[in-house]
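Residue numbers (the working numbering): 709 to 880.
Heads up, the beta-carbon is just placed ideally off N, CA and C, and yes, glycines get one too.
From a predicted model like this one, the values you see are computed outputs, not experimental measurements.
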C-alpha cells in the first residue's frame, strides 16, 4: 500500500516504510484550512493544519483565496508500507489524524475554510496544542517543500507573513 503525506507526515513519519520519495498529486490544493483541537491547538483556540481541497471545490472560494488560480498540484512524500503492517499503520494514522482524516469521503467537522492570509498567519503563529506550537508544524512543512524546490505560492506568501509579523512573538 502507498500513503501520500502532504502535512506533518512529510517530515514526521512514525510508521515503518519500505520506500519513500517526494511526489505530487494533481487536481488538489494544500490549504491551512483545517482546525486542530488536539495537536496544534486546543478547543476554543484551534491551530491550523493543512487539508487538501479539490480544484473544483476551490472555485467556490476564488473571491477569498488569492491563490485560487494557481496550478492545482500538491507536493508531498509518498510512502510504501509493508503489506503485513498495513492494518496497524492505518489504525495508527486513524488515531493520529483524527480531527480531519478519514479514508472515505466525509464532511470534516473541523474544516475552517478560507480566511485572509493575515488571519491564517496570526492563528498559525499564536496557537499551541499538545503536539507543540502550530508555527513549528507550519515551518517544518515550509522547510520540507523548500528542500525539494517546491514553489507553492500559498505557502510562500503565508510563510512571509508568519515570519515578518507573528513568529518572533510566538516563539520568543
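Residue i classed as buried or exposed, judged by whether at least 16 other C-beta atoms fall within 10 angstroms
i	result
residue 742	buried
residue 772	exposed
residue 770	exposed
residue 880	Model confidence at residue 880 stands at a pLDDT of 44, short of 50, so the residue's coordinates are unreliable; what they give is reported in the following sentence. Its Cβ having fewer than 16 others within 10 Å, residue 880 is exposed.
residue 857	exposed
residue 799	exposed
residue 776	buried
residue 745	buried
Contact set for residue i: own chain, Cβ-Cβ below 6 Å, skip 5 residues either direction
i	result
residue 737	761, 766 and 780
residue 820	741 and 743
residue 802	none
residue 750	837
Beta-carbon proximity list for residue i, same chain, < 8 Å, skipping 5 on both sides
i	result
residue 791	709
residue 849	715, 716, 718, 719, 758 and 863
residue 789	709, 710, 711, 723, 724, 725, 726 and 797
residue 786	710, 711, 712, 713, 728, 729, 730 and 731
residue 825	774, 865, 866 and 869
Which of helix, strand or coil DSSP assigns to residue i
i	result
residue 770	coil
residue 725	coil
residue 746	coil
residue 737	strand
residue 760	strand
Limits of the unbroken alpha helix (DSSP H) element including residue i
i	result
residue 794	794 to 804
residue 843	842 to 855
residue 869	861 to 869
residue 831	825 to 834
Residue range of the unbroken beta strand (DSSP E) whose run includes residue i
i	result
residue 786	781 to 788
residue 713	710 to 713
Bridge-paired residues (DSSP) for residue i
i	result
residue 718	Residue 718 is not bridged to any residue.
residue 753	750
residue 837	840
residue 731	784
Other residues of its chain near residue i: CB distance less than 7 Å, five sequence neighbours each side excluded
i	result
residue 845	716, 748 and 757
residue 832	740, 756, 842, 843, 846 and 870
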